[in-house]
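Below is one structure; the comments refer to it alone.
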Amino acid sequence: MSALDIHINDGYLPMVDGSLVYHRGYGERHTATTDPEPALALGPHVFTRDGGVVETRHYPLDAELPPLGRPEPAYKDPFNPGEYLVRRAFWASFYPKRALIAETGSTIRLRVRNNLAQPQALQFLDVDGPGTHVGTGSIAPGDDAELEFEAPAPGTYVYCDPGRDEDDPTADPVQRILGLYGALLVTDPDEPWRLQPEGPEFERQWLWILHNVDPEWARQASRGVEVDPDKTPAFPRYFTLNGRAGFQSLGISTDEALNEEREEDSLMSGSARSIDVRNFSQRATDDTVRTGQLMRFVNAGVVHHQLHFHGNHIWTVRRNGTFFPRSGGFVDDENHVVLQQWEDVVEVHPLDRKDSVLPVRRPPEATDQIWDARSGDWHYPMHCHAEPSQVARGGMYPGGLVGHWTVAEPADVPVPPEGALPPPGPNAEPPRALTAKPGTAIKPPDHKRYRTQVDFSSDQIHEGSPKTEFPLKADRKEEFDFFSRKMKFDDGGRFEMWTFETENSGRIFPAPLLRLTEGQLFQGTVKPSKKVHTIHWHGIEPDPRNDGVGHTSFEVSGHYTYQWRPERGRPGNPNFGSSGTYFYHCHVNTPLHVQMGMFGPLIIDPYVHPDYPVSPGARRAFVDGPEYDIATETLLVAYAVDPRWHEMNHAEGLSGEDARLDKFDPKHFYLLGGELAKRPRKEGPLILSSMRANVAGNGRKPTLLRLLNGEFFPVNAYFTDMAGNPVRMAELISHDGRAFRDTSDPVGPALPVGETDGPLTASALNFGAAERYDMLLRPPVPGKYKLTVELTHWITTAVLAKREIIVTAS
């Protein structure tokens, strides 16, 4: 039986800005602290069922390797122009450093030598359930230890040095943050393209290990000092994805070997396809399947991350080894919704392991004309919306925890053989005729290769007044002009604010509400008037030119008209529809510009389906969703201010200086918004100080509350009576612009959860940066209630501030 030799080493690693920072790590050979290339990260290895240990970057071992990590499609999809059928059980996946893979039935055997001057350890967390860890125990300097255990159930696990508390590795993160961490993936070799037998099937999978680097902890440790987190609180200044950050993580460095490695193991890519989230094993032909790609997120750091995907929502299925149900969802003890669902922002707590499916679908808000005419790949970013994680050593945006994914350019593959596809169902829509000649769109720009992060950060693509491709007749137009001014808030705080105004909005904050209906063609023109800006329509998914992100398209110095069409929903179908709560914001030097106030709410209303008429004075939350009362519909935006940031200039930190944009220290906390039926008549901040809520009865529709976290840290929201007792009066109906549905029937209608036996009713909710929730308020009796909203720290979870709102129910 083979064993893997592991050495606990230390040394110095270059960060994305070139700084050398002391690290510890698990390596495959002994290296000295002074070694210019220290062995601090295990290469991927596979523990096989037959007792072997194979050093390899890919698995399954005998599967085909996708070129640059991108699976090639099998056939064109004859029912969906520009989309493809993907091969079933065919492609291998590549894995990053620090990944260990074990087949079920294998035995994991390790020989661990501690080459450091202080005791260290290796422990695998939660392998037999929460709190059940196996490890070496403390290994004295110069000593060896052996560890042997059977591969646990299929899933994703963390290994690390647990520090001073082996029973609770969350209590002491120091050794993990110094670099002693990694991930174990356990898979069934009989079902290697499934998460586990009852889990979703996938085309290939990706592992993202998130990590944070604290240079001060590293400096102390390098001098032999035992780091005390109570005396020196964590202050991470570098944020990595699979060990890399910024331009290196994005695969645009001058190191082509590193770029290729990033493409293979970190930067998701594939041909567009149609999927049905009710059944990830739906066959198209005998050798193809309508499914997406599996994402495994592992947070080995100390920061609460908020992974935001542009271009596609992703479907979350499991957290910390426990599958989310498809029906009968609930709100857990941490006040999170537990139900398989769509998300465009994935909350990943420290030591969380979360599994989601990236559908790799056609971006739904791209118009037919631009989709049909596309030429080249469409690149979309993934970044953490806890925005301080987007910088390195206080600046150089986007130099932090970033990645991207790609909708592949049109592929030259055949259509399926005649008779290979089952006939379309009676309700299937007929194939759509092409609206433009393929390849006639402007090819997306290819980024240059960069030698340093400063070169990349200070060299974003600028265009004055680029043209809108394939302009159509708009159903709704709006112009957004930039302005800046001092604004006074209700606690006396007075800050320089930057934001947008429209023709009749006045200078308000948040920026004016944009409200559209599914199916409308929207054109929004941005006129920066000062420096360069963009507008990103957060959660809306058009083509890259209209997504409003500088480093995947351009930053605007003159004017540009964005164009997109929100996707129409279909009753009972979880795969279509865009009605819900969103927001728009500038995506230039985003941490600073969002904090300065460059954002506003965006609401997509459902079109009225003939089978779901609407009562007078009411509106539906989504196409087949519940009705609510228009008069009392309310928006609540959580927003915090760090006054130091409001004294910075437009491009603070981009040229490499330490602007301390990784140090968000809010001194003021506000609840903004109000009743949406009332047009604001004043300028300045729109402070939400009270709310109304309808009590059921007499034909009255419930009140809809839309929540948006517009700052960078997590918040808690609690409903209580006036004595502080919890009141379960919030029925959660959607998240990130997608309805909560029962998807347990693989072929039948996916009912809104409110129409099932298990509506998601709660008294409290926790949600992170950029997340949005829609809830119906159902107070049990008339009277007064309290809604308390707390701002919590992104590392310690300590409550930093809170506000209370009186809710009057009648």
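Numbering (this note's numbering), first residue to last: 387 to 1196. Glycine included, every Cβ here is placed at the ideal spot set by N, Cα and C.
message: If I follow the unbroken alpha helix (DSSP H) through Trp1031, where does it start and stop?
response: Along the sequence shown, read from residue 1 onward, the residue named residue 1031 stands at position 645. Run containing Trp1031: none; DSSP gives neither H nor E here.
field: Nonlocal neighbours in the same chain, by C-beta distance under 7 angstroms from Asp514, ignoring five residues either side
entry: Locating residue 514 in the sequence shown gives position 128, where the first residue counts as 1. Excluding sequence neighbours, Asp514 sits near Pro538.
query: Taking all protein chains shown into account, do 16 or more other C-beta atoms lie within 10 angstroms of the C-beta of Asp991, making it buried, or fewer, making it exposed?
result: Indexing the sequence shown from 1 puts residue 991 at position 605. Buried: at least 16 other Cβ atoms inside 10 Å.
- prompt: Starting from Ala1255 and walking both ways along the alpha helix (DSSP H), at which residues does that stretch end?
  reply: Given a span of 387 to 1196 for the chain in the structure shown, any question on residue 1255 remains unanswerable.
query: So which of Phe881, Gln506, Gly963 has the shortest CA-CA distance to Pro1071?
result: The count along the sequence shown starts at 1 and reaches residue 1071 at position 685. Pro1071 has its Cα closest to that of Phe881, out of Phe881, Gln506, Gly963.
field: Beta-bridge pairing of Ile1192 - partner residues as DSSP gives them
entry: Within the sequence shown, the letter at position 806 stands for residue 1192. Its beta-bridge partners are Ser1076, Lys1172.
- request: Could you pull out every residue in the same chain whose Cβ sits closer than 6 angstroms to the Cβ of Tyr998, ignoring the five residues on either side in sequence?
  value: What you label residue 998 is simply residue 612 of the sequence shown in a count that begins at 1. Only Asp1010 meet the Cβ criterion.
message: Tell me the residue span of the alpha helix (DSSP H) that contains Thr976.
response: Here residue 976 corresponds to residue number 590 of the sequence shown, with the count starting at 1. Looking at the DSSP string, the run of the alpha helix (DSSP H) that includes Thr976 is 976-981.
- prompt: To the nearest angstrom, how far is it from the Cα of Gly955 to the Cα of Leu1058?
  reply: Numbered from its first residue, the sequence shown carries residue 955 at position 569. Numbered from its first residue, the sequence shown carries residue 1058 at position 672. Computed Cα separation, rounded: 29 angstroms.
message: Threshold first: 4 residues or longer. Then list the alpha helix (DSSP H) segments lying entirely within the segment 922-985, N to C.
response: 976-981
query: Mind pulling the beta strand (DSSP E) runs of 3 or more residues that sit fully within the segment 1096-1158?
result: 1101-1107, 1116-1121, 1146-1148, 1150-1153
field: Strand pairing of Pro477, partner residues [DSSP]
entry: On the sequence shown, residue 477 is found 91 positions in, with the first residue counted as 1. Looking at the sequence shown, residue 477 is not Pro but Trp. Answer is Glu450, bridged to Trp477.
task: Can you grab the Cα-Cα spacing for the pair Lys874 / Ala1017, in whole Å?
output: Against the sequence shown, residue 874 aligns to sequence position 488. Against the sequence shown, residue 1017 aligns to sequence position 631. Near 28 angstroms, if we compare the C-alpha coordinates of Ala1017 and Lys874.
task: Report the residue ranges of all beta strand (DSSP E) runs contained in full by the segment 591-625; include only those spanning at least 3 residues, in chain order.
output: 591-599
- request: Decide if Ala1195 is buried, meaning its Cβ has at least 16 other Cβ atoms within 10 Å, or exposed.
  value: Reading the sequence shown from its first residue, position 809 is the one you call residue 1195. It counts as buried.
query: Who are the Cβ neighbours of Gly411 in its own chain at under 7 angstroms, not counting the five residues just before and after it?
result: Counting from 1 along the sequence shown, the entry for residue 411 is found at position 25. Only Asn395, Leu426, Ala427, Gly565, Leu566 meet the Cβ criterion.
- prompt: For Thr1018, which of helix, strand or coil comes out of DSSP?
  reply: Along the sequence shown, read from residue 1 onward, the residue named residue 1018 stands at position 632. In this structure, Thr1018 counts as helix in the three-state DSSP scheme.
field: Reference Ser843, options Arg682, Arg760, Glu1038, closest by Cα
entry: By 1-based counting over the sequence shown, the position of residue 843 is 457. Cα-wise, what sits closest to Ser843 is Glu1038.
field: Nearest to Glu534 (by Cα), restricted to the options Gly541, Thr542, Thr522, Gly528
entry: On the sequence shown, position 148 is the one that residue 534 refers to. Ranking Gly541, Thr542, Thr522, Gly528 by Cα distance to Glu534 puts Thr522 first.
query: What is the DSSP secondary structure of Trp579, counted as helix, strand or coil?
result: Here residue 579 refers to the residue found at position 193 when the sequence shown is read from its first residue. Trp579: coil per DSSP, three-state reduction.
query: In chain order, what residues of the same chain have a beta carbon less than 6 angstroms from the beta carbon of Leu988, not counting five sequence neighbours either side?
result: Position 602 of the sequence shown, counted from the start, is the residue given in the question as residue 988. Only Leu900, Tyr968, Phe969, Tyr970 meet the Cβ criterion.
- request: Please report the Cβ distance between Met344 and Gln839, rounded to the nearest whole angstrom; I am assuming they are in contact, meaning their Cβ atoms lie under 8 angstroms.
  value: Given that the chain is displayed from residue 387 to residue 1196, the structure contains no residue 344 and the question cannot be resolved.
message: I'd like to know whether the C-beta atoms of Tyr1159 and Glu1097 end up nearer to each other than 8 angstroms.
response: Position 773 of the sequence shown, counted from the first residue, corresponds to residue 1159. Position 711 of the sequence shown, counted from the first residue, corresponds to residue 1097. No.
field: Sequence ranges, alpha helix (DSSP H) only - wholly within the segment 529-584, length at least 4
entry: 560-564
- prompt: Where does Trp1180 sit, in a helix, a strand or coil, going by DSSP?
  reply: For the purposes of this step, residue 1180 is taken as the residue at position 794 of the sequence shown. DSSP places Trp1180 in coil when its eight states are reduced to three.
- prompt: Taking Thr792 as the reference, which of Ala1079, Pro852, Glu1043, Pro749 has the closest Cα?
  reply: Translated into positions along the sequence shown, residue 792 becomes position 406. Minimum Cα distance to Thr792 is reached at Pro749.
- prompt: In its own chain, which residues sit with a C-beta less than 8 angstroms from the C-beta of Asp651, not counting the 5 before and 5 after it?
  reply: As a working mapping, residue 651 is identified with position 265 in the sequence shown. If we look at Asp651 and ignore the five residues flanking it on each side, its Cβ neighbours are Arg443, Gly455, Phe480, Tyr481, Pro482, Trp592, Leu593, Asn628.
- prompt: Any heavy atom of the ligand GTP within a distance shorter than 7 angstroms of the CB on Gln606?
  reply: In the structure on display, the ligand GTP does not appear, and there are no ligands present to speak of.
query: Using the C-alpha atoms, what's the distance from Thr1020 back to Leu1091?
result: Residue 1091 sits at position 705 when you count from the first residue of the sequence shown. Residue 1020 sits at position 634 when you count from the first residue of the sequence shown. Between Leu1091 and Thr1020, the C-alpha separation is close to 5 angstroms.
query: Does the segment 611-628 come close enough to the segment 758-778 that 3 or more CB-CB pairs lie under 8 angstroms?
result: yes
Per-residue burial, Gly517 [other beta carbons within 10 Å of its own, 16 or more giving buried]: As a first step, residue 517 must be located in the sequence shown, where it is residue number 131. Gly517 is exposed by the Cβ-count criterion.
Minimum C-alpha distance to Glu927 - residue among Gly568, Ala1082, Trp757, Gly825: As a working mapping, residue 927 is identified with position 541 in the sequence shown. Among Gly568, Ala1082, Trp757, Gly825, the Cα nearest to that of Glu927 is on Trp757.
- request: Quick one: residues in its chain with C-beta nearer than 7 angstroms to the C-beta of Leu644, no 5 flanking neighbours on either side, listed in chain order?
  value: Taking the first residue of the sequence shown as position 1, residue 644 is located at position 258. These residues qualify, in order along the chain: Gln634.
task: Compare the Cα-Cα distances from Asp530 to each of Pro505, Thr542, Phe510 and report the closest residue.
output: One-based indexing of the sequence shown puts residue 530 at position 144. Asp530 has its Cα closest to that of Pro505, out of Pro505, Thr542, Phe510.
message: DSSP three-state label for Leu1163, please.
response: As a working mapping, residue 1163 is identified with position 777 in the sequence shown. In this structure, Leu1163 counts as strand in the three-state DSSP scheme.
- request: Can you check the segment 819-875 for any alpha helix (DSSP H) of at least 4 residues that lies completely inside it and give the ranges in chain order?
  value: 839-843
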